[in-house]
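There are 2 protein chains.
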Amino acid sequence: MADVLTSEQILEAAQDVLRRYGPAKATVVDVARALGVSHGSVYRHFPSKAALREAVTRRWLDRAHAPVTQAAKVPGPASTRLRHWLSTLFDAKRHKALDDPELFATYSVLVGETSGVVAEHVAHLVAEIAGILRDGIAAGEFAGTDVDLTARAVFDATGRFHDPAYSADWSGPGIDDAFEAVCTLVLNGLAAQESHVPQAGAEVVQPH
Amino acid sequence: MADVLTSEQILEAAQDVLRRYGPAKATVVDVARALGVSHGSVYRHFPSKAALREAVTRRWLDRAHAPVTQAAKVPGPASTRLRHWLSTLFDAKRHKALDDPELFATYSVLVGETSGVVAEHVAHLVAEIAGILRDGIAAGEFAGTDVDLTARAVFDATGRFHDPAYSADWSGPGIDDAFEAVCTLVLNGLAAQESHVPQAGAEVVQPH
Numbered sequence: 001m002a003d004v005l006t007s008e009q010i011l012e013a014a015q016d017v018l019r020r021y022g023p024a025k026a027t028v029v030d031v032a033r034a035l036g037v038s039h040g041s042v043y044r045h046f047p048s049k050a051a052l053r054e055a056v057t058r059r060w061l062d063r064a065h066a067p068v069t070q071a072a073k074v075p076g077p078a079s080t081r082l083r084h085w086l087s088t089l090f091d092a093k094r095h096k097a098l099d100d101p102e103l104f105a106t107y108s109v110l111v112g113e114t115s116g117v118v119a120e121h122v123a124h125l126v127a128e129i130a131g132i133l134r135d136g137i138a139a140g141e142f143a144g145t146d147v148d149l150t151a152r153a154v155f156d157a158t159g160r161f162h163d164p165a166y167s168a169d170w171s172g173p174g175i176d177d178a179f180e181a182v183c184t185l186v187l188n189g190l191a192a193q194e195s196h197v198p199q200a201g202a203e204v205v206q207p208h
Numbered sequence: 001m002a003d004v005l006t007s008e009q010i011l012e013a014a015q016d017v018l019r020r021y022g023p024a025k026a027t028v029v030d031v032a033r034a035l036g037v038s039h040g041s042v043y044r045h046f047p048s049k050a051a052l053r054e055a056v057t058r059r060w061l062d063r064a065h066a067p068v069t070q071a072a073k074v075p076g077p078a079s080t081r082l083r084h085w086l087s088t089l090f091d092a093k094r095h096k097a098l099d100d101p102e103l104f105a106t107y108s109v110l111v112g113e114t115s116g117v118v119a120e121h122v123a124h125l126v127a128e129i130a131g132i133l134r135d136g137i138a139a140g141e142f143a144g145t146d147v148d149l150t151a152r153a154v155f156d157a158t159g160r161f162h163d164p165a166y167s168a169d170w171s172g173p174g175i176d177d178a179f180e181a182v183c184t185l186v187l188n189g190l191a192a193q194e195s196h197v198p199q200a201g202a203e204v205v206q207p208h
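Keeping their order, the protein sequence lines are chains E and L. Residues in the first sequence are numbered from 1 upward in steps of one, following full-length UniProt numbering. Residues in the second sequence are numbered from 1 upward in steps of one, following full-length UniProt numbering.
Below, the structure written as structure tokens:
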């Protein structure tokens with residue numbers, strides 16, 4: 001097996017080892033043993049234990065995220081697409097957390113120690129939101145705004161429904177209503193100024 | 001001292017002990033020793049170690065929250081009051097976290113183990129938001145809506161700026177801009193429907 005060893009095989013084995021032994025105990029030697037290769041063979045693909053753990057985490061985040069990227073591509077108005085994107089993200093995270101809580105807990109530890117990987121992942125998600133916002137602004141559906149800042153605000157405002165810190169809430173009663181209420185608030189917020197601005201004389205209460 | 005021992009004195013001493021020894025090690029005997037009384041004197045006020053820790057946590061949350069309750073009472077339109085309430089909450093939490101990180105870490109542990117106290121505290125905060133929303137709806141400033149659900153949505157949407165899970169972000173660059181962006185999104189979201197609804201023929205994009 002050693003001469004055809006791929007990075008993908010190593011990452012798959014590393015995930016199994018991390019789940020079985022826990023992130024605190026799993027070593028590169030354990031991964032090599034599981035594959036029946038020397039630890040040198042693993043190090044040829046990943047120069048350090050930290051690099052291997054980062055690669056495992058990146059792969060997990062990318063995979064969890066694949067259906068979300070697809071969700072941005074559905075046809076229809078930007079508000080429909082954004083709502084679909086947000087609910088797909090929530091569903092993907094919720095399934096990960098509830099279907100395999102042990103693996104989810106393992107990755108929660110890894111995510112906590114690989115902040116660079118997570119920052120990259122979040123930037124990628126925020127960029128997808130920004131893409132939908134730009135389409136919505138171009139279509140006159142969303143208000144013109146600082147797109148990158150607003151995209152991050154959408155991500156922040158929906159954090160209870162994608163940040164693993166809240167995973168204990170995701171099976172609770174009322175969570176779907178809570179999600180819908182936040183989505184509605186956010187989508188109204190994106191549209192609001194657009195509907196105000198062109199209507200001279202509309203009653204808008206402003207602090208004076 | 002024992003014959004004039006008050007609950008308040010015990011709670012003050014318990015906070016000191018928790019900070020000094022850490023939540024994992026602090027005991028009722030430590031608290032009694034710090035006060036120069038028997039542990040029986042402490043138990044006359046608080047029937048168990050858990051009850052004492054809950055009372056300490058409740059006191060801390062209530063105190064952190066006092067300026068926030070005041071913020072709901074400022075004069076002006078509901079949107080100004082809500083923004084002021086949210087920024088006062090963020091400031092209060094941020095000061096707690098940054099001014100005395102050791103005590104904040106201690107309380108983060110306590111908050112994690114006293115879920116009933118925290119749920120009560122959150123319900124109280126959400127009720128204050130709901131009060132501002134009702135005033136705004138009565139004044140025609142905010143859209144009519146399910147007030148309790150929407151108040152919770154406002155609380156959830158601003159979680160990055162009050163949930164201790166995010167305290168590591170609160171000293172980062174850009175956090176104030178991020179806060180303003182979420183506030184603007186939320187306040188636009190509250191006003192949006194009100195401006196749409198009475199205007200027949202206004203262009204509202206809905207999924208069909």
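By construction, the Cβ of each residue, glycine as well, lies at the ideal position given by its N, Cα and C atoms. What you are looking at is a predicted structure, and each value in this text was computed from that prediction instead of being measured.
Between the alpha carbons of E8 of chain L and R44 of chain L lies a gap of roughly 13 Å. The DSSP-derived three-state label of T27 of chain L is coil. Against chain L, the beta carbon of G159 of chain E has neighbours under 7 Å at G159 and R160, listed in chain order.
DSSP, read as helix, strand or coil, puts A139 of chain L in coil.
Minimum Cα-Cα distance from D148 of chain L among the listed residues E:T27, E:G174 and E:E12 corresponds to E:G174. The Cβ-Cβ distance between F104 of chain E and S167 of chain E falls below 8 Å. Here S171 of chain L carries a coil assignment [DSSP, helix/strand/coil]. In terms of Cβ geometry, V56 of chain E and L18 of chain E form a close pair [threshold 8 Å]. Counting along the chain, the unbroken alpha helix (DSSP H) around K93 of chain E starts and ends at A78 to D99. Taking C-beta separations shorter than 6 Å and ignoring five residues to either side along the sequence, the partners of W85 of chain E in its chain run A71 and A72, following chain order. Residue-level contact check: L125 of chain L does not touch chain E, since none of the beta carbons of chain E fall below 8 Å from its beta carbon. Nearest to L61 of chain E by C-alpha distance, out of E:E120, E:H39 and E:Y21, is E:E120. The region 136–143 of chain E and the region 153–166 of chain E do not touch, with fewer than 3 CB-CB distances between them shorter than 8 Å. For T150 of chain L, the nearest beta carbon of chain E is closer than 8 Å to its own beta carbon.
Rounded to the nearest angstrom, the gap between the Cα atoms of E12 of chain E and E12 of chain L is 52 Å.
Spatial neighbours of V68 of chain E in its own chain (CB-CB distance under 8 Å, excluding positions within 5 residues in sequence) are listed in chain order as W85, T88, L89, A92, L125 and E128. When 8 Å is used as the limit between beta carbons, L86 of chain E is near no residue of chain L, the shortest such separation being about 12 Å.
Taking the C-beta atoms as reference points, A14 of chain E is found no nearer than 8 Å to V37 of chain E. Residue-level contact check: G189 of chain L touches chain E, since one or more beta carbons of chain E fall below 8 Å from its beta carbon. Residues of the region 67–99 of chain L whose Cβ lies closer than 9 Å to any Cβ of chain E, in chain order: G76, P77, A78, S79, T80 and R83.
Within chain E, no residue has its beta carbon less than 7 Å from that of V42 of chain L; the closest one is some 32 Å off. Here D163 of chain E carries a coil assignment [DSSP, helix/strand/coil]. With respect to G189 of chain E, G189 of chain L sits close: the two C-beta atoms are nearer than 8 Å. It is roughly 32 Å from the alpha-carbon of G116 of chain L to the alpha-carbon of V118 of chain E.
Close partners of V182 of chain L in chain E (Cβ separation under 8 Å): A153, D156 and A157.
The Cβ atoms of A178 of chain E and A153 of chain L lie closer than 8 Å to each other. Looking at L:G76, L:A50, L:E180 and L:I137, the one whose alpha-carbon comes closest to that of G112 of chain L is L:A50.
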